[in-house]
Amino acid sequence: MKKVYLLLLALLSMAQVALAQSGGVRGRVLGADTREPLMGATVVLEGTTKGATTNTAGEFAIADVPAGTYNLRISFVGYTFPRQSVTVTEGGTTDIGTISMTITQMMGEEIVVTASRRPEKLTEAPAAISVISSRDLTELPSFNVGELLNKVQGVEVVRSGVAGIGINARGFNNAFNTKMYQLTDGRNSMLPGGTGLPAGLYNTVIKEDIERVEVILGPSSALYGPNAHNGIINTITKDPRRFPGTTVTLGAGNQSVLTARARHAGVINSKFAYKVNAEYTKGKDFEFIDTVYNATLGALPEYDVDFDFNVKRASAALYYSPTAKSDIILDYGIGQGTNIGVTNNGRNQIDGWTFQYLHGRYVSPRVFAQVYNTWNDAGDTYQINARTNNYYTLRALGQSPEVAHEKSKTGAARGELYPNSPAIAFPGFIDKSHRLNAEVQYNNSYAGFDVVTGLSFQRDVAYSRQTYLDDRNGDIILNQYGAVAQVERNITDRLRAVVGARLDRHDNYGNQFSPKAALTLNALAGTFRATYGRAYSAPSIQFQEFYLNNGSLAILGSGAGLTIQNTETGAIRTIPELAPERVQTFEFGYKGTPTEKFYVDLSTWYSKSKDFISPLTGITPIMGKEKVIRKGDEDVTEAASNALNYYLTYLNYGNVNSWGTDLGLNYYLSNNFSVGAKYSYFNSDITDKDNMENDANGDKIVSAAESSLNAPKHRYNFNFTARDLFNNKFFGSVNVRILPEYNFYSGSQVAAKENANKRVAPLLYNYGPLGGFTSVDLSAGYKFSKMITLGASVSNLFDTEQREFVGSPVIGRLFSAELRFDIGGKKSTGEVK
Numbered sequence: 010m011k012k013v014y015l016l017l018l019a020l021l022s023m024a025q026v027a028l029a030q031s032g033g034v035r036g037r038v039l040g041a042d043t044r045e046p047l048m049g050a051t052v053v054l055e056g057t058t059k060g061a062t063t064n065t066a067g068e069f070a071i072a073d074v075p076a077g078t079y080n081l082r083i084s085f086v087g088y089t090f091p092r093q094s095v096t097v098t099e100g101g102t103t104d105i106g107t108i109s110m111t112i113t114q115m116m117g118e119e120i121v122v123t124a125s126r127r128p129e130k131l132t133e134a135p136a137a138i139s140v141i142s143s144r145d146l147t148e149l150p151s152f153n154v155g156e157l158l159n160k161v162q163g164v165e166v167v168r169s170g171v172a173g174i175g176i177n178a179r180g181f182n183n184a185f186n187t188k189m190y191q192l193t194d195g196r197n198s199m200l201p202g203g204t205g206l207p208a209g210l211y212n213t214v215i216k217e218d219i220e221r222v223e224v225i226l227g228p229s230s231a232l233y234g235p236n237a238h239n240g241i242i243n244t245i246t247k248d249p250r251r252f253p254g255t256t257v258t259l260g261a262g263n264q265s266v267l268t269a270r271a272r273h274a275g276v277i278n279s280k281f282a283y284k285v286n287a288e289y290t291k292g293k294d295f296e297f298i299d300t301v302y303n304a305t306l307g308a309l310p311e312y313d314v315d316f317d318f319n320v321k322r323a324s325a326a327l328y329y330s331p332t333a334k335s336d337i338i339l340d341y342g343i344g345q346g347t348n349i350g351v352t353n354n355g356r357n358q359i360d361g362w363t364f365q366y367l368h369g370r371y372v373s374p375r376v377f378a379q380v381y382n383t384w385n386d387a388g389d390t391y392q393i394n395a396r397t398n399n400y401y402t403l404r405a406l407g408q409s410p411e412v413a414h415e416k417s418k419t420g421a422a423r424g425e426l427y428p429n430s431p432a433i434a435f436p437g438f439i440d441k442s443h444r445l446n447a448e449v450q451y452n453n454s455y456a457g458f459d460v461v462t463g464l465s466f467q468r469d470v471a472y473s474r475q476t477y478l479d480d481r482n483g484d485i486i487l488n489q490y491g492a493v494a495q496v497e498r499n500i501t502d503r504l505r506a507v508v509g510a511r512l513d514r515h516d517n518y519g520n521q522f523s524p525k526a527a528l529t530l531n532a533l534a535g536t537f538r539a540t541y542g543r544a545y546s547a548p549s550i551q552f553q554e555f556y557l558n559n560g561s562l563a564i565l566g567s568g569a570g571l572t573i574q575n576t577e578t579g580a581i582r583t584i585p586e587l588a589p590e591r592v593q594t595f596e597f598g599y600k601g602t603p604t605e606k607f608y609v610d611l612s613t614w615y616s617k618s619k620d621f622i623s624p625l626t627g628i629t630p631i632m633g634k635e636k637v638i639r640k641g642d643e644d645v646t647e648a649a650s651n652a653l654n655y656y657l658t659y660l661n662y663g664n665v666n667s668w669g670t671d672l673g674l675n676y677y678l679s680n681n682f683s684v685g686a687k688y689s690y691f692n693s694d695i696t697d698k699d700n701m702e703n704d705a706n707g708d709k710i711v712s713a714a715e716s717s718l719n720a721p722k723h724r725y726n727f728n729f730t731a732r733d734l735f736n737n738k739f740f741g742s743v744n745v746r747i748l749p750e751y752n753f754y755s756g757s758q759v760a761a762k763e764n765a766n767k768r769v770a771p772l773l774y775n776y777g778p779l780g781g782f783t784s785v786d787l788s789a790g791y792k793f794s795k796m797i798t799l800g801a802s803v804s805n806l807f808d809t810e811q812r813e814f815v816g817s818p819v820i821g822r823l824f825s826a827e828l829r830f831d832i833g834g835k836k837s838t839g840e841v842k
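All residue numbers for the sequence shown refer to our numbering, where the first residue is 10 and numbers rise by one.
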């Protein structure tokens with residue numbers, strides 16, 4: 010016992026000596042532009058694991074620092090500050106006073122969190138990542154945030170109308186693209202249940218509440234799980250404690266566009282803060298009437314298309330800080346939209362589609378935990394082509410225009426219209442799906458290693474009542490479980506290594522392993538990176554369980570495989586069950602400022618995909634009387650084949666390799682002017698028509714649809730930006746986009762050079778290739794005061810004919826003007842604890 014006491018005394022003495030040799034650092038961080046505290050800035054002593062985060066008063070304190078001289082590094086989104094040398098003395102606290110961080114003018118100075126799930130400088134992130142900043146958003150006089158993505162390196166933006174924006178990266182786009190994973194404040198913001206599509210027009214975030222948007226290109230499943238495949242778009246909203254006050258924006262434009270948006274955020278006390286947001290936007294889309302084919306009546310124009318669109322959205326959040334270093338956040342949002350939606354099978358008249366969520370988060374320096382539920386309701390949405398078929402069929406049966414108009418939308422039972430009258434199918438969608446997500450993440454530093462670990466769970470419940478899914482036996486329920494670990498370490502003061510892995514358990518596809526590795530080297534005033542990542546894309550519930558059959562066209566999910574049998578001859582055609590797509594990507598890149606005013610962003614990559622999932626693809630019918638059988642199930646559909654019968658499903662290719670390069674250059678002429686250029690190249694061996702691995706549907710022919718990139722090989726973008734002119738009141742930009750011509754195949758939608766403006770299959774009409782244009786956009790604004798800003802923009806200045814997506818109108822000139830009112834609020838204050 011005496012020895013134990015002596016040992017304890019010795020340990021206590023050693024601890025006292027160590028503490029006597031330690032000191033501390035404290036200070037306060039302000040924004041040079043506002044002279045207000047910057048809460049949440051990261052302060053690190055380089056070469057150590059010591060650091061802190063500023064509180065609501067901008068203050069920080071780092072304790073137990075061994076005596077010595079260090080470089081103090083401070084990071085905050087949108088601001089920059091040079092490293093500062095600081096000396097810590099034994100037993101003392103070095104007070105460095107007040108530090109003013111200046112707004113960054115150079116790209117690459119931004120702080121991002123998406124690439125590694127921790128704050129880091131943009132140029133040092135081990136991924137191809139870009140940022141749309143709050144300032145970029147403020148200087149965009151339009152309700153449509155998607156317009157800014159045209160300026161993001163490597164991102165493919167397609168416009169299907171005034172409000173419709175589709176986002177893709179690295180080719181192989183289609184009308185139901187789920188490979189760009191979208192997050193909002195760490196929350197999966199894709200539609201729940203059957204579709205798994207981006208929320209698009211129905212999302213819940215207004216532009217004025219976005220702090221920044223971080224875009225990562227390439228596979229990111231190791232950190233974010235399934236379907237973080239081609240990339241991630243992470244929208245980060247504003248913290249009410251850092252961005253208090255009221256903002257109201259009123260806007261108008263051609264195509265009858267009117268928009269009104271409002272945000273209010275306030276700090277109640279040191280514990281509580283809140284924010285509320287709302288938007289109403291409406292307008293009229295460019296008109297375009299597509300062609301619908303009927304087995305009996307032939308080519309028909311779409312009937313009763315409504316080109317009006319509107320969107321309503323609102324959200325509210327409550328922030329509670331139980332301690333100085335932790336937050337509990339509860340927020341709710343709802344979005345509802347009405348517009349025309351393009352699908353693989355014609356177009357949908359979307360009427361009152363509603364998307365909503367309830368989200369709870371716990372945030373601290375070491376732990377992040379969240380649980381949230383997401384709901385979907387298709388409202389009165391219906392298929393335009395199905396309703397068109399109904400209307401003209403009813404007219405052919407002798408019904409009046411009034412009856413045909415009504416019953417084409419509601420459907421009619423057999424014998425309802427007159428004795429023994431045929432049934433008229435309901436053309437609408439029912440979708441009341443929902444999704445539950447839960448996640449916990451822990452990070453810390455051990456002996457120089459930065460570690461991130463986490464667990465996640467997702468449950469999708471798809472509810473369609475057989476309107477587009479085969480859910481005859483009740484709701485389709487799909488569970489996914491995940492575990493992740495990532496480790497980072499500085500090998501030298503310039504070389505850093507990152508390794509990580511994720512294991513997902515999928516109800517239908519078992520275990521999926523997603524590793525990643527990266528090396529970053531600080532050199533030439535920037536960072537070189539070499540990365541490897543593996544990701545997988547699990548087929549969505551829609552891909553697995555799709556079921557639509559209108560007599561002329563059948564779309565069938567192939568999750569369990571399909572068997573097509575000719576009941577007269579016995580001939581059988583087998584479609585294998587759909588498997589997850591797996592991609593491995595090798596990438597090399599550099600981000601930095603090799604000279605003081607010149608910023609370079611280079612990424613070159615090579616991907617190997619196994620079991621590549623096709624867009625919706627036609628499969629050859631067996632002529633005669635047919636039935637289609639799902640594996641282990643009863644007959645799904647039965648029809649007599651003829652010249653108009655057409656089956657569509659999702660298929661796996663054997664292997665598809667692709668490669669590309671993205672290059673961005675920015676030169677800062679001064680603090681007020683900059684010019685930039687971006688170039689992207691993309692290619693793939695899928696274009697090899699002699700490679701029978703590309704014969705996805707097994708008909709012994711590699712068709713044009715099976716060998717299409719669905720993207721241009723080359724894309725170009727040039728911009729000129731002016732800021733802070735005329736006493737810091739004027740800003741403006743010019744953007745030039747060059748999009749070469751390319752072919753696009755997606756289910757029953759075709760846009761190709763060959764056979765342009767002709768009917769190319771029993772149910773397909775080809776309107777010609779996409780792209781092939783140069784577009785010029787202008788925007789400018791003037792700040793009359795801190796409270797009032799007027800902005801205006803013109804998209805497609807010269808009214809160039811722009812066809813950017815299948816089943817969509819030609820996009821003409823669009824102009825808009827917005828008046829923004831900013832009423833500042835009081836930020837909270839606090840003390841270092």
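Every residue, glycine too, gets a C-beta built ideally from N, C-alpha and C.
Report, in whole angstroms, the separation of the C-beta atoms of isoleucine 83 and methionine 110, which I expect to be a contact under 8 Å.
About 7 Å; that satisfies the 8 Å criterion.
Give me whichever residues DSSP pairs with glycine 36 in a beta bridge.
DSSP output for glycine 36 lists Phe69 as bridge partner(s).
Please state the DSSP three-state secondary structure of glutamine 450.
In this structure, glutamine 450 counts as strand in the three-state DSSP scheme.
To the nearest whole angstrom, what separates the beta carbons of arginine 538 and proline 46, a pair I think is in contact under 8 Å?
In fact, because the Cβ distance is near 34 Å, the residues do not count as touching under 8 Å.
Measure the alpha-carbon distance for asparagine 651 versus glutamine 574 and round it to whole angstroms.
Confidence at asparagine 651 is low in this model, with a pLDDT of 45, below 50, so the placement of that residue is unreliable and no value is reported for it.
Kindly provide the ranges of any beta strand (DSSP E) runs that are 3 or more residues long and lie completely inside the segment 335 to 422, ordered along the chain.
If we require 3 residues or more, the beta strand (DSSP E) runs fully inside the segment 335 to 422 come out as 335 to 351, 356 to 372 and 376 to 386.
Tell whether a beta-carbon distance below 8 Å holds between threonine 536 and glutamate 133.
Yes, Cβ-Cβ distance for threonine 536 and glutamate 133 is below 8 Å.
Measure the alpha-carbon distance for aspartate 479 versus asparagine 558 and round it to whole angstroms.
One C-alpha to the other measures close to 11 Å.
If we require 3 or more residues per run, which beta strand (DSSP E) segments fall completely within the segment 453 to 513?
Qualifying beta strand (DSSP E) stretches, in chain order: 458 to 471 and 485 to 499.
In whole angstroms, what is the alpha-carbon distance linking glycine 260 and arginine 822?
One C-alpha to the other measures close to 17 Å.
Give me the DSSP bridge partner(s) of phenylalanine 537.
Leu530 and Tyr599.
If we ignore side chains and look at the alpha-carbon of each, how far apart do aspartate 386 and lysine 284 end up?
Roughly 26 Å between the two C-alpha positions.
Thinking C-beta only, is glycine 262 closer than 8 Å to threonine 594?
Their beta carbons are not under 8 Å apart, which means threonine 594 does not touch glycine 262 by this criterion.
Closer than 6 Å by C-beta to threonine 300: which residues in its own chain qualify, once you throw out the five before and the five after it? Chain order, please.
Cβ within range, chain order: Ala308 and Tyr774.
Beta-carbon separation of lysine 293 and serine 265 under 8 Å?
Taking 8 Å as the Cβ cut-off, lysine 293 and serine 265 qualify as a contacting pair.
What are the complete beta strand (DSSP E) segments, minimum 3 residues, inside the segment 258 to 328?
List check, beta strand (DSSP E) in window: 266 to 276, 281 to 293, 300 to 303 and 307 to 310.
For methionine 701, does the three-state DSSP call read helix, strand or coil?
Helix at methionine 701.
Distance, Cα to Cα, alanine 323 vs tyrosine 289?
Distance between the alpha carbons of alanine 323 and tyrosine 289 is about 9 Å.
With a Cβ-Cβ cutoff of 8 Å, do asparagine 531 and arginine 503 count as a contact?
Contact flag set, yes.
Have a look at Phe621, Asp389 and Glu605 and flag the residue whose alpha-carbon is nearest the alpha-carbon of asparagine 680.
For asparagine 680, the nearest C-alpha among the options comes from Glu605.
Drop a sphere of 10 angstroms on the beta-carbon of tyrosine 472, count the other beta-carbons inside from all chains shown, and report buried for 16 or more, exposed for fewer.
The residue in question, tyrosine 472, is buried, as its Cβ has 16 or more Cβ neighbours within 10 Å.
Would DSSP call asparagine 737 helix, strand or coil?
In this structure, asparagine 737 counts as helix in the three-state DSSP scheme.
Comparing alpha-carbon positions, which option in Asn399, Phe555 and Thr576 lies nearest tyrosine 570?
The question names tyrosine, but residue 570 is glycine in the sequence shown. Closest option to glycine 570, Cα to Cα, is Phe555.
Classify arginine 829 as buried or exposed, calling it buried when 16 or more other Cβ atoms lie within 10 Å of its own Cβ.
Classification for arginine 829: buried.
On the premise that serine 784 lies in contact with asparagine 805, defined as a C-beta separation below 8 Å, what is that separation, rounded to the nearest angstrom?
The pair is a contact, with the Cβ atoms about 5 Å apart (cut-off 8 Å).
Mapping the DSSP letters down to three states, classify serine 650 as helix, strand or coil.
Any reading at serine 650 is ruled out, since the residue's pLDDT is 47, under 50, leaving its predicted position unreliable.
Let me check understanding here. Comparing Cα to Cα, which of Asp389, Thr613 and Arg250 lies closest to aspartate 360?
Of the listed residues, the one whose Cα sits closest to aspartate 360 is Asp389.
Can you tell me whether serine 139 is helix, strand or coil according to DSSP?
Serine 139 falls in the strand class under three-state DSSP.
Under 8 Å, do arginine 6 and asparagine 452 count as touching if we go by C-beta distance?
What the structure shows of the chain is the stretch from 10 to 842, and residue 6 is not part of that stretch, so it cannot be assessed.
Check the C-beta distance from glycine 36 over to aspartate 104 and give it rounded, since I have them as a contact under 8 Å.
That pair is a contact at about 7 Å.
Mapping DSSP to helix, strand and coil, what is glutamine 886?
Residue coverage of the chain in this structure runs from 10 to 842, which leaves residue 886 outside it and unanswerable.
Under the three-state reduction of DSSP, which class applies to valine 803: helix, strand or coil?
It is a strand residue.
Under DSSP, the alpha helix (DSSP H) around alanine 588 begins and ends at which residues?
Where alanine 588 is concerned, there is no enclosing alpha helix (DSSP H), given that its DSSP letter is neither H nor E.
Pull up the distance between the alpha-carbon of serine 860 and that of aspartate 831, whole angstroms please.
This structure cannot speak to residue 860, because the chain is shown only from 10 to 842.
The alpha helix (DSSP H) spanning alanine 231 covers which residue range?
It spans 230 to 233 - the alpha helix (DSSP H) in which alanine 231 sits, taken as one unbroken run.
Which class does glutamine 162 belong to by DSSP, given the choice of helix, strand or coil?
Coil at glutamine 162, not helix or strand.
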